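Below: one structure, written as structure tokens.
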Amino acid sequence: MDFISILSIFVMACFVGYYVVWSVTPALHTPLMAVTNAISSVIIVGALVAAAAAGSPTAKWLGLGAVVLASVNIFGGFAVTERMLAMYKKKDRK
Amino acid sequence: MSFVGPIQTTPSMADVMPIEHVVNPWVAFAYLASGVLFILALRGLSSPATSRRGNRFGMAGMLIAVITTLVTHEIASLPEILVAIAIGGGIGFVIARRIQMTAMPQLVAAFHSLVGLAAVLVGVAAYFNPGAFGILDSSGLDILKQSRIEMGLGVAIGAITFSGSVIAFAKLNGNMSGAPILLPARHVINLAVLALILVLVAVFGLDTPALFWGIVILSFAIGFLLIIPIGGADMPVVVSMLNSYSGWAAAAMGFTLHNTAMIITGALVGSSGAILSYIMCKAMNRSFISVIAGGFGAEAGAGGAAAKTDRPWKRGSAEDAAFLMREAESVIIIPGYGMAVAQAQHVLREMGDQLKKHGVNVKYAIHPVAGRMPGHMNVLLAEANVPYDEVFELEDINGEFAQADVAFIIGANDVVNPAAKTDRSSPIYGMPVFDVDKAKTIFFIKRSMGGQGYAGVDNDVFYMDQTMMLLADAKKMVEDINKALAD
Chain A
30 MDFISILSIF
40 VMACFVGYYV
50 VWSVTPALHT
60 PLMAVTNAIS
70 SVIIVGALVA
80 AAAAGSPTAK
90 WLGLGAVVLA
100 SVNIFGGFAV
110 TERMLAMYKK
120 KDRK
Chain B
2 MSFVGPIQTT
12 PSMADVMPIE
22 HVVNPWVAFA
32 YLASGVLFIL
42 ALRGLSSPAT
52 SRRGNRFGMA
62 GMLIAVITTL
72 VTHEIASLPE
82 ILVAIAIGGG
92 IGFVIARRIQ
102 MTAMPQLVAA
112 FHSLVGLAAV
122 LVGVAAYFNP
132 GAFGILDSSG
142 LDILKQSRIE
152 MGLGVAIGAI
162 TFSGSVIAFA
172 KLNGNMSGAP
182 ILLPARHVIN
192 LAVLALILVL
202 VAVFGLDTPA
212 LFWGIVILSF
222 AIGFLLIIPI
232 GGADMPVVVS
242 MLNSYSGWAA
252 AAMGFTLHNT
262 AMIITGALVG
272 SSGAILSYIM
282 CKAMNRSFIS
292 VIAGGFGAEA
302 GAGGAAAKTD
312 RPWKRGSAED
322 AAFLMREAES
332 VIIIPGYGMA
342 VAQAQHVLRE
352 MGDQLKKHGV
362 NVKYAIHPVA
372 GRMPGHMNVL
382 LAEANVPYDE
392 VFELEDINGE
402 FAQADVAFII
412 GANDVVNPAA
422 KTDRSSPIYG
432 MPVFDVDKAK
442 TIFFIKRSMG
452 GQGYAGVDND
462 VFYMDQTMML
472 LADAKKMVED
482 INKALAD
């Protein structure tokens, strides 16, 4: 993919992010941070590529290290978000 | 790594592009799908009712991204990778289960540091093994210039995120004093280091690979230098800002690796953090620059102590509070960071329940910067089973204080200070605050009369005719009120 296509995706995604995040209710700003944290660990994709690559043992170990770190974030981030969201309840109308 | 996706490269571009293994378009499609699922995950957070489904979308997106990567790359050793995921995942899962909700800000800061460090590791790995990432130029020996710049930026942002988050974590977790640490000439030092990093990235793009390490080291240093002068009260902005950086780091890595999932996610997270920083700054009426410049708590603290006066104030008891609130028609509770410190959210909810049994209309009012991160108070109240439709934001409830019988302030201070509306010389002037002074009676729980809040300014509310100070540990005081209410 050439640079301009990638840049286009990036700029569009920034705009999408802008509008989507403004629509997040302030009550959920903490879960928002937790979940953005989890999804930014999509960087694990890069870590997996590095860990899978043949040729450079250094790169491989760095990649595996990054896989561990990103996994902490992915599992931790999604799990803690789930835990928080489960606590938000409506008033029971009796 | 690259792929032939729906967006075709032009022939001229293809000539200069490195020789890459061609992956089928489904891979591009899969990464795009996970990007879209991440958008839906954030979209779900527009209401608590849809939020959990949103979180599942996020998980699905991540699963697709990981599996796609695993099946399309010749994985040298799948067991090793699975072990790495299991170790990390296990640690993350256990932390997520055990962490106390009051410790959320430091947890998020710690997670940000991991994203930053992972970005640095991936960048360094790409530097060692550019072939695997498909970023070699046509000679097959050197990394593409453009990729080097992207890589340099990604590593720099990642390193800043890492060291900055480590400091933020230490401050939030109490391993380090929350007070700002002010180095002489820090603005000059910081700007010089930042400029130097940018120059190094540019030069690294042109040539001289050894500069890569210079970028890494300087970026670690600047992350540290940027956060140490920022005081505890500004932490909501810092945490949001680091959230944003972790996104930009992921996006920069996405540019290097030509990966749509990473670019979309990075942009989403980056804008999310930026918007949260903006909301936090606006809620304190401070410019982003002044927060980043740091030193807020230190300067104001000195001024506030000098201005301290001996004005008369009234002390109330738990019985007074219980009696007056039971008779009230409406009570608005304003929680702040002090409630989190005292872990008083559960007893507070019990108090609300008791009052409701007496027919009192109970509402909770939350200031955007209450606590140490955006939405911190909302999570704590939710944890204590306070229904979210009883919890209101500043602008939604501020008009109701004039009709309220009781404003019950627990662990908050600056966010109810009328000086923000009237006193031009106050460091918090212009910050939107709750109009508690309009309520008929004010109960103000505070540990002692000595403390001045984080901005270090005196609060006129203490000395008002309708104010009763409840001086005690927040949890203890609310427990006593509960006892008195039960009698």
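Quick note, the sequences are listed as chains A and B, same order.
Per my numbering: the first sequence = residues 30 to 123.
Per my numbering: the second sequence = residues 2 to 488.
Every residue gets a Cβ at the ideal spot worked out from N, C-alpha and C, and that includes glycine.
Being a predicted model, the structure only gives us computed values, none of them experimental.
Chain A contacts made by the stretch 332–349 of chain B, where a contact means CB separation under 9 Å: Of all residues in the stretch 332–349 of chain B, none has a Cβ within less than 9 Å of some Cβ in chain A.
Against chain B, does Y117 of chain A count as a neighbour if the rule is that its beta carbon must be under 9 Å from one of theirs? yes
For T468 of chain B: DSSP bridge partner residues: B:I443
Three-state secondary structure (DSSP) at I38 of chain A? helix
Check the DSSP bridge columns for N362 of chain B and list the partner residues they point to. Residue pairing by DSSP places N362 of chain B opposite B:S331 in a beta bridge.
Would you check if the distance between the CB atom of L243 of chain B and the CB atom of G135 of chain B is smaller than 9 Å? no
Could you please give me the residues that DSSP links to L137 of chain B through a beta bridge? Its beta-bridge partners are B:I144.
With 9 Å set as the bound, which would you pick, yes or no: does the beta-carbon of M326 of chain B sit closer than that to a beta-carbon of chain A? no
If you drop the 5 nearest sequence neighbours on each side, which residues of the same chain put their C-beta closer than 6 Å to that of D406 of chain B? A329, E330, S331 and K441
Uninterrupted alpha helix (DSSP H) stretches inside the stretch 45–88 of chain A (no shorter than 4 residues): 58–69 and 73–81
Can you tell me which of the three DSSP states I33 of chain A falls into? helix
Counting Cβ pairs, one atom from each stretch, are 3 or more of them under 8 Å apart for the stretch 393–412 of chain B and the stretch 363–371 of chain B? yes
Is the stretch 419–433 of chain B close to the stretch 374–386 of chain B, with three or more CB pairs under 8 Å? Taking 8 Å as the limit for Cβ pairs, the verdict is that the stretch 374–386 of chain B does not touch the stretch 419–433 of chain B.
Does the stretch 190–199 of chain B touch the stretch 119–138 of chain B, meaning 3 or more C-beta pairs lie closer than 8 Å? no
For the stretch 64–74 of chain B against the stretch 84–94 of chain A, do three or more pairs of beta-carbon atoms, one drawn from each stretch, fall closer than 8 Å, so that the two count as touching? no
P185 of chain B versus I103 of chain A - alpha carbon distance: 39 Å
Which residues mark the beginning and the end of the beta strand (DSSP E) in which I265 of chain B is found? Where I265 of chain B is concerned, there is no enclosing beta strand (DSSP E), although the alpha helix (DSSP H) it sits in stretches over T261 to A284.
Counting beta carbon pairs with one atom in the stretch 209–218 of chain B and one in the stretch 81–99 of chain B, are three or more of them shorter than 8 Å? no
Is the beta carbon of I443 of chain B less than 9 Å from the beta carbon of I334 of chain B? no
Could you check whether P131 of chain B and H377 of chain B sit closer than 9 Å to each other, using their CB atoms as the reference points? no
Do you know whose CA, among B:V342, B:M326 and B:R149, lies nearest K358 of chain B's CA? B:M326
Does D390 of chain B have its Cβ less than 9 Å from a Cβ in chain A? Cβ-Cβ to chain A under 9 Å: yes for D390 of chain B.
Measure the alpha-carbon distance for T162 of chain B versus E391 of chain B and round it to whole angstroms. 36 Å
Cβ shell of S241 of chain B (< 7 Å), same chain only, five flanking positions each side left out: G274, L277, S278, M281 and P375
What does DSSP give as the partner residues of A408 of chain B in its beta bridges? B:I333 and B:I443
With 16 as the cutoff for other CB atoms within 10 Å, does Y48 of chain A come out buried or exposed? When all chains shown are included, Y48 of chain A counts as exposed.
Return the bridge partner residues of R316 of chain B from the DSSP annotation. B:M470
Would V167 of chain B pass as a contact of F225 of chain B if the rule is Cβ separation under 9 Å? yes
From which residue to which residue does the beta strand (DSSP E) around V416 of chain B run? Element bounds for V416 of chain B: n/a, residue is neither H nor E.
If P270 of chain B sits next to A251 of chain B, beta carbons under 8 Å apart, how far is it from one beta carbon to the other, in whole angstroms? The residue asked about is misnamed: residue 270 of chain B is Val in this sequence, not Pro. Correct: roughly 7 Å between the Cβ atoms.
Helix, strand or coil for I168 of chain B? Go by DSSP, reduced to three states. helix
Quick one: list the residues of chain A neighbouring T103 of chain B, beta-carbon separation under 8 Å, in chain order. Those within 8 Å of T103 of chain B in chain A number zero; the least Cβ separation is about 11 Å.
Since V239 of chain B is in the beta strand (DSSP E), which residue starts that stretch and which ends it? Premise fails: V239 of chain B lies in the alpha helix (DSSP H), M236 to L258, not in any beta strand (DSSP E).
Assess contact between the stretch 470–486 of chain B and the stretch 426–435 of chain B, defined as three or more Cβ pairs (one per stretch) separated by less than 8 Å. Is contact present? no
Just tell me which of B:G153, B:F289, B:I265 and B:N191 has its CA closest to the CA of M236 of chain B. B:F289
Have a look at S427 of chain B and D459 of chain B and give me their C-alpha separation to the nearest angstrom. 9 Å
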